[in-house]
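Student:
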Amino acid sequence: MAPAPLNPPLCPMSKAALTECLQHEKRIMPQPNYLPASYKEAVKMIKPSLIPIKQYKCCVNDCKIYPMNDSIRECTICNESLLYKDSNRCKKTFSYMPVVPRLARWFGTKNLAKILYAKKLDTNGKLCDYTDGQIFQAELNNGIFKDTDVEHCVPLALFTDGVNPNKNNAAQKSMWPIILTWISLPQEIRYLLGPMMMVGIIPGNGRKEPKSLDPYITILVDELLSNMECTESLQLM
Numbered sequence: 022m023a024p025a026p027l028n029p030p031l032c033p034m035s036k037a038a039l040t041e042c043l044q045h046e047k048r049i050m051p052q053p054n055y056l057p058a059s060y061k062e063a064v065k066m067i068k069p070s071l072i073p074i075k076q077y078k079c080c081v082n083d084c085k086i087y088p089m090n091d092s093i094r095e096c097t098i099c100n101e102s103l104l105y106k107d108s109n110r111c112k113k114t115f116s117y118m119p120v121v122p123r124l125a126r127w128f129g130t131k132n133l134a135k136i137l138y139a140k141k142l143d144t145n146g147k148l149c150d151y152t153d154g155q156i157f158q159a160e161l162n163n164g165i166f167k168d169t170d171v172e173h174c175v176p177l178a179l180f181t182d183g184v185n186p187n188k189n190n191a192a193q194k195s196m197w198p199i200i201l202t203w204i205s206l207p208q209e210i211r212y213l214l215g216p217m218m219m220v221g222i223i224p225g226n227g228r229k230e231p232k233s234l235d236p237y238i239t240i241l242v243d244e245l246l247s248n249m250e251c252t253e254s255l256q257l258m
C-alpha cells in the first residue's frame with residue numbers, strides 16, 4: 022500500500038517538490054543534522070507515529086465487508102461482485118482507523134495522562150455531565166467498570182450522520198463519518214478535533230444512502246470487545 026501523503030490536502034505539493042524542500046532545509050541547517058533528505062526518508066521516520074489504517078473491500082449493497090487481502094471476489098450474502106469486471110479494483114472500499122492504539126498513546130503521553138488521571142466526577146449532587154448520571158454510576162459500581170478505578174475507565178460515545186461536504190447535487194448525503202469521543206474527558210476539550218477520534222468514513226451508495234451501517238460499525242465493536250480485558254488498567258465501554 023502506498024504511504025499516506027505527508028502534506029495537507031489543502032496545500033498540495035508533489036513528492037518531488039517536497040523532497041527538494043527537505044533537501045534545502047537539511048542543507049541550510051547546522052551540520053550534521055537528522056532531518057530527512059527526501060520524501061521517502063520522511064515517511065520512514067514518522068511511520069511509527071502514524072495512525073494505522075486497515076483497508077476493507079465492501080459489498081456494493083452494504084451486506085458485508087472483507088479484509089483487503091482476502092481472496093474473496095463476490096459477496097457471500099448477495100453474490101454481488103466486489104470487483105469491477107476484468108479488474109482487481111474494488112467497487113467500494115472502507116478505511117478503518119483502529120481506536121485502541123490511539124487510546125494507548127493518550128495514556129503514554131505525559132501531559133495527556135495528567136488530564137486522564139484528573140478528578141472527573143462532581144460529587145456535589147448536581148447533574149452536570151454524563152459521568153454524574155445514574156447509568157454511568159451504575160456501570161461504575163456494578164457494571165462492566167466494577168472494581169476499576171475511574172481514571173482507568175474509557176467510556177466512549179459514538180456519533181455518525183450523513184454529510185455532503187462536496188455539495189454533490191446527485192446525492193443528499195454522500196458519506197457517513199464515524200466519530201468517537203471520550204465522554205469522561207473535561208467538557209472544555211471533549212469535543213475538540215484532537216480528542217474526537219475519526220474511526221472511518223462510510224461511503225455512500227452511488228446516489229443513494231448506504232443500505233446498512235452495521236457492517237462498518239461491527240468492525241469497531243469487534244475491536245472494542247477484543248480489548249475489553251486486554252489489561253487491568255484499560256477498560257473500554
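First residue of the sequence shown: 22, per the working numbering; consecutive thereafter. Just so it is clear, CB atoms sit at the ideal spot from N, CA and C, and this is done for glycine as well. Note that this is a predicted model, so its numbers are computed, not measured.
(1) Since C80 and L103 are thought to touch, with beta carbons under 8 angstroms apart, how far apart are those beta carbons, to the nearest angstrom?
(2) As a quick exercise: from Y117, R94 and T114, pick the residue whose alpha carbon is nearest that of S108.
(3) Check each candidate in C111, V184, P73 and S70 and name the one with the smallest Cα separation from P86.
(4) Between T181 and L246, which are expected to be in contact by the criterion C-beta below 8 angstroms, what is the C-beta distance as a whole number of angstroms?
(5) Quick one: grab the DSSP three-state call for M196.
(6) Distance check for W127 and L255, CA to CA, integer angstroms please.
(7) For the alpha helix (DSSP H) holding G225, just list the boundary residues, first then last.
(8) Pairs of beta-carbons, one from the region 196-205 and one from the region 215-225, closer than 8 angstroms: are there three or more?
(9) Could you have a look at T114 and say whether DSSP puts it in helix, strand or coil?
(10) Which same chain residues end up closer than 7 angstroms to K65 when comparing Cβ atoms and leaving out the 5 residues on each side of it in sequence?
(11) Just checking: is the beta-carbon of S195 within a distance shorter than 7 angstroms of some beta-carbon in chain D?
(12) Leaving out five residues before and five after A178 in sequence, what residues of the same chain have Cβ atoms less than 6 angstroms from its Cβ?
Tutor: According to the structure shown:
(1) Contact flag correct, Cβ pair sits at about 7 angstroms.
(2) When only C-alpha atoms are compared, the closest one is R94.
(3) Sequence inspection shows Ile at residue 86; the Pro mentioned does not correspond to that position. Closest option to I86, judged by alpha-carbon separation, among C111, V184, P73 and S70: C111.
(4) Not really, about 19 angstroms apart at Cβ, beyond 8 angstroms.
(5) Three-state DSSP puts M196 in a strand.
(6) Confidence in L255 is poor, its pLDDT being 49 and thus under 50, which makes the residue's placement too unreliable to answer from.
(7) That residue, G225, is in no alpha helix (DSSP H); it is neither H nor E in DSSP.
(8) Judged by Cβ distances under 8 angstroms, the region 196-205 makes contact with the region 215-225, as three or more pairs qualify.
(9) DSSP, read as helix, strand or coil, puts T114 in strand.
(10) So no residue of the chain qualifies.
(11) As a matter of chain content, chain D is missing from the structure shown, which is built from one protein chain.
(12) Cβ within range, chain order: T202 and I204.
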